[in-house]
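For what it's worth, this note's numbering labels the leading residue of the sequence shown as 6, then goes sequentially. All C-beta atoms, glycine included, are put in the ideal place defined by N, C-alpha and C.
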Amino acid sequence: MNSAGEPLTHSGRDDVRIMTLQAHILEEQAHQPLAGGTFSWILSALSISAKIIADKVRRARLENVLGSIGTENIQGEVQQKLDVIANEVLLRTLGGREGVAIVASEENEEPVILRDDRHGIPRYCVLFDPLDGSSNLDVCGGVGTIFSILAHDGRAQRAEDSLLQAGARQVAAGYVLYGSSTVFVLTLGRGVDMFVLDPSVGAFMRVERNLRIPSGNKTYSVNEGNRRSFPDGYKRYLDWAQDNGYSSRYAGAMVADVHRILLKGGVFLYPPTSKSPQGKLRLMYEANPMAMLVEQAGGKTMAGPGQRIMDIQPTAIHQRTPVVLGATDQVDAVLAHLASA
Ligand code: AHM
Ligand code: MG
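Here's what the structure looks like:
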């Protein structure tokens with residue numbers, strides 16, 4: 006054991022130290038001025054939710070919970086059965102945590118105000134997309150959970166106004182990718198760390214500290230089926246990229262695409278289209294948390310020329326934004342084409 010009571014291998018080297026997500030959170034707590042135990046309990050609720058959802062995703066076909074439920078969410082999108090199940094899991098685990106004031110989900114029209122006494126312990130707002138890319142489920146593709154944590158502003162006139170904070174004010178963000186393994190990627194504003202669920206132990210194990218997005222990867226990730234309705238600048242970029250030896254990779258689930266970019270570099274785009282003039286992705290549940298992760302890993306995230314995603318002042322919790330994110334060099338290459346006449 007080291008001085009913090011964590012197990013060390015015989016060599017005592019940091020790169021071979023066994024560190025669970027829980028131990029990591031306790032260690033980081035010392036550096037989080039807002040945090041304390043309250044904050045750690047919220048992250049532990051997210052970790053438990055991730056394990057439960059991972060299990061549901063793996064058993065979906067066996068338990069016959071694939072396919073749509075026959076209803077639409079507030080965005081007018083068809084809800085999958087597992088969207089609803091994952092949403093319930095998160096609401097129930099977070100709902101029990103004293104430190105959570107408000108939860109807002111992509112799947113619910115209105116935020117849920119859990120506690121708003123405005124006195125006592127500092128509280129937080131947790132926003133999430135419970136099962137991003139859920140249409141991938143039927144074909145065993147990657148899906149994920151995305152979350153964003155904001156400090157609850159007790160001075161806001163209405164409790165829900167406290168949610169309308171720019172992404173730059175997030176105190177933590179992360180995602181869980183339910184892929185060939187279950188991966189938890191987290192930032193508390195001091196870099197990005199990655200954990201993998203060890204199913205035999207039942208714990209997320211830290212496998213990477215301080216992830217940095219590599220530069221120089223000539224890969225773009227975009228739904229090229231929408232190309233005809235992209236603004237001209239995006240078309241110019243795609244022409245340039247194809248003339249310059251770029252490859253294309255697109256999972257159709259933002260979590261899977263962003264995970265690849267964090268590890269390998271490249272750029273992800275969801276431009277405005279004629280069907281979705283503001284882009285498809287949601288600012289508060291998808292773009293902001295991914296922007297915090299990408300910037301903490303040394304990358305760049307923009308909604309368009311001169312507009313950093315995390316500087317957008319939200320006016321509605323379900324609002325959408327165009328997204329260009331990834332390695333700084335690759336995002337700059339896109340922006341150069343958006344700016345040119
Ligand atoms: P969802 O939250 O309803 O699943 O939608 C978001 C998903 C993202 O994961 C993904 O990047 C995008 O929608 C794919 O959209 P499209 O099928 O238009 O390419
Ligand atoms: Mg989503």
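With a threshold of 6 Å, establish whether the CB of D248 neighbours any heavy atom of the ligand MG.
As a first step, residue 248 must be located in the sequence shown, where it is residue number 243. The beta carbon of D248 sits no closer than 6 Å to any heavy atom of the ligand MG.
Go through its chain and collect everything with a Cβ distance to A9's Cβ below 6 Å, but skip five positions before and after it.
Numbered from 1 along the sequence shown, position 4 holds the residue referred to as residue 9. Residue confidence is low: A9 scores 49 on pLDDT, short of 50, so the model does not pin down where it sits. Its coordinate-derived value is still stated next. Result list for A9: empty, nothing under 6 Å.
Under a three-way DSSP split, which group does A308 fall into?
On the sequence shown, residue 308 is found 303 positions in, with the first residue counted as 1. In the structure shown, A308 falls within a strand segment according to DSSP collapsed to helix, strand and coil.
Taking the beta strand (DSSP E) that T192 belongs to, which residues open and close that run?
Within the sequence shown, the letter at position 187 stands for residue 192. Its beta strand (DSSP E) spans residues 187-192.
Do D198 and R214 count as a contact pair if the criterion is CB distance below 7 Å?
In the sequence shown, counting from the first residue as 1, residue 214 sits at position 209. In the sequence shown, counting from the first residue as 1, residue 198 sits at position 193. For R214 and D198, yes; Cβs fall inside 7 Å.
Assuming Y290 contacts S253 under a Cβ cut-off of 8 Å, what Cβ separation, rounded to an integer in Å, is found between them?
Taking the first residue of the sequence shown as position 1, residue 290 is located at position 285. Taking the first residue of the sequence shown as position 1, residue 253 is located at position 248. Approximately 26 Å separates the beta-carbon atoms of Y290 and S253; this is outside 8 Å, ruling out the contact.
Rounded to a whole number of angstroms, what is the C-alpha to C-alpha distance between G17 and L26?
Reading the sequence shown from its first residue, position 12 is the one you call residue 17. Reading the sequence shown from its first residue, position 21 is the one you call residue 26. Residue placement at G17 cannot be trusted, given a pLDDT of 45 that sits under 50; what the coordinates show is reported in the next sentence. C-alpha separation (whole angstroms): 19 Å.
Using a threshold of 7 Å, state whether the C-beta atoms of T98 and S153 are closer than that.
As a position in the sequence shown, residue 98 is number 93, starting the count at 1. As a position in the sequence shown, residue 153 is number 148, starting the count at 1. Judged by their CB atoms, T98 and S153 are not nearer to each other than the 7 Å cut-off.
For T326 versus G284, is the C-beta spacing smaller than 7 Å?
For the purposes of this step, residue 326 is identified with residue 321 of the sequence shown, where counting begins at 1. For the purposes of this step, residue 284 is identified with residue 279 of the sequence shown, where counting begins at 1. Yes, these two residues count as a Cβ contact at 7 Å.
Helix, strand or coil at P294 according to DSSP, with G and I counted as helix:
If you number the sequence shown from 1, residue 294 lands on position 289. The answer is helix: DSSP assigns P294 an H, G or I state.
Between I295 and V263, which are expected to be in contact by the criterion C-beta below 8 Å, what is the C-beta distance as a whole number of angstroms?
Mapped onto the sequence shown, residue 295 falls at position 290. Mapped onto the sequence shown, residue 263 falls at position 258. Reading off the sequence shown, one finds Met at residue 295, where the question assumed Ile. Contact flag correct, Cβ pair sits at about 5 Å.
Inter-stretch contact (C-beta, 8 Å, three-pair minimum) for the segment 186-193 and the segment 233-250
Contact between the segment 186-193 and the segment 233-250 is absent: fewer than 3 CB-CB pairs across the two stretches fall below 8 Å.
At 4 residues or longer, what runs of the alpha helix (DSSP H) sit wholly inside the segment 78-139?
Listed in chain order, they are 86-100.
Rounded separation between N222 and D121 - CA only:
For the purposes of this step, residue 222 is taken as residue 217 along the sequence shown, with counting starting at 1. For the purposes of this step, residue 121 is taken as residue 116 along the sequence shown, with counting starting at 1. Taking the straight line joining both Cα atoms gives about 47 Å.
Measuring CA to CA, which of A156, C145, E300, A208 is closest to H29?
Residue 29 sits at position 24 when you count from the first residue of the sequence shown. Ranked by Cα distance from H29, the options A156, C145, E300, A208 are led by A208.
Might you give, ordered along the chain, the residues of its own chain that have their beta carbon closer than 6 Å to the beta carbon of N113, omitting 5 neighbours on each side?
Position 108 of the sequence shown holds residue 113. Correct list: empty, nothing qualifies.
Would you check if there are 3 or more beta carbon pairs closer than 8 Å linking the segment 158-168 to the segment 274-281?
The count of Cβ pairs closer than 8 Å, one atom from the segment 158-168 and one from the segment 274-281, stays below three, leaving the stretches out of contact.
Would you tell me roughly how many angstroms separate the C-alpha atoms of L136 and V148, rounded to the nearest one?
As a position in the sequence shown, residue 136 is number 131, starting the count at 1. As a position in the sequence shown, residue 148 is number 143, starting the count at 1. Straight across, the Cα-Cα distance linking L136 with V148 is about 6 Å.
Do D88 and S139 have their CB atoms nearer than 7 Å?
By one-based count along the sequence shown, residue 88 stands at place 83. By one-based count along the sequence shown, residue 139 stands at place 134. The answer is yes: Cβ separation under 7 Å.
What residues are listed by DSSP as bridge partners for A156?
In the sequence shown, residue 156 corresponds to position 151, counting from 1. Y129, per the DSSP bridge assignment.
So L23 packs on M210, CB below 8 Å; how close in whole Å?
Translated into the one-based positions of the sequence shown, residue 23 becomes position 18. Translated into the one-based positions of the sequence shown, residue 210 becomes position 205. Per the sequence shown, the amino acid found at residue 23 is Ile instead of Leu. Their Cβ separation, rounded to whole angstroms, is 7 Å, which keeps I23 and M210 in contact under 8 Å.
Pairwise C-alpha distance: A292 and L13
Within the sequence shown, residue 13 is the residue found at index 8, counting from 1. Within the sequence shown, residue 292 is the residue found at index 287, counting from 1. Caution applies to L13, whose pLDDT of 46 falls short of 50 and renders its modelled position unreliable; the model cannot decide the point.
Range covered by the alpha helix (DSSP H) that runs through T333
Taking the sequence shown and counting its residues from 1, the one referred to as residue 333 is at position 328. T333 -> alpha helix (DSSP H) spans 333-344.
Using only CA atoms, which one of I90, Q84, I47 lies nearest to E68?
Along the sequence shown, read from residue 1 onward, the residue named residue 68 stands at position 63. Closest option to E68, Cα to Cα, is I90.
With respect to 6 Å, is the separation between the Cβ of E68 and the closest non-hydrogen atom of the ligand MG below this value?
Translated into the one-based positions of the sequence shown, residue 68 becomes position 63. Remark: the shortest separation between the CB of E68 and any heavy atom of the ligand MG does not fall under 6 Å.
When the Cβ atoms of the segment 162-171 are set against those of the segment 304-319, are three or more pairs found closer than 8 Å?
Yes: at least three Cβ pairs fall under 8 Å.
Got a sec, what are the start and stop residues for the alpha helix (DSSP H) M315 sits in?
For the purposes of this step, residue 315 is taken as residue 310 along the sequence shown, with counting starting at 1. Run containing M315: none; DSSP gives neither H nor E here.
Drop a sphere of 10 angstroms on the beta-carbon of S205, count the other beta-carbons inside from all chains shown, and report buried for 16 or more, exposed for fewer.
Here residue 205 corresponds to residue number 200 of the sequence shown, with the count starting at 1. S205 is exposed by the Cβ-count criterion.
Can a CB atom of chain C be found closer than 7 Å to the CB of L243?
In the displayed structure, chain C is absent; only one protein chain is listed.
My understanding is that G304 touches A332, with C-beta atoms under 8 Å, so please give their C-beta distance in whole angstroms.
In the sequence shown, the residue the question calls residue 304 occupies position 299. In the sequence shown, the residue the question calls residue 332 occupies position 327. Cβ-Cβ separation between G304 and A332: approximately 5 Å, consistent with a contact (criterion under 8 Å).
Hey, is D143 close to the ligand MG, as in C-beta under 6 Å from one of its heavy atoms?
What you label residue 143 is simply residue 138 of the sequence shown in a count that begins at 1. In terms of side-chain proximity, the C-beta atom of D143 is found no nearer than 6 Å to any non-hydrogen atom of the ligand MG.
Per DSSP, what are the beta-bridge partners of I151 in this structure?
Looking up residue 151 in the sequence shown gives position 146. Beta-bridge partners assigned by DSSP to I151: D134, Y180.
With distances taken between CB atoms, is the gap from V336 to V272 smaller than 7 Å?
Your numbering for residue 336 matches position 331 in the sequence shown. Your numbering for residue 272 matches position 267 in the sequence shown. V272 is positioned such that its CB atom lies closer than 7 Å to that of V336.
Would you mind working out which of A156, A302, G311, L343 sits nearest R241, comparing C-alpha positions?
Start at 1 with the first residue of the sequence shown, and residue 241 comes out as number 236. Among A156, A302, G311, L343, the Cα nearest to that of R241 is on L343.
Are L4 and V299 touching if we call contact CB-CB under 7 Å?
The structure shown does not extend to residue 4, since the chain is modelled only from 6 through 346, so no value can be given for it.
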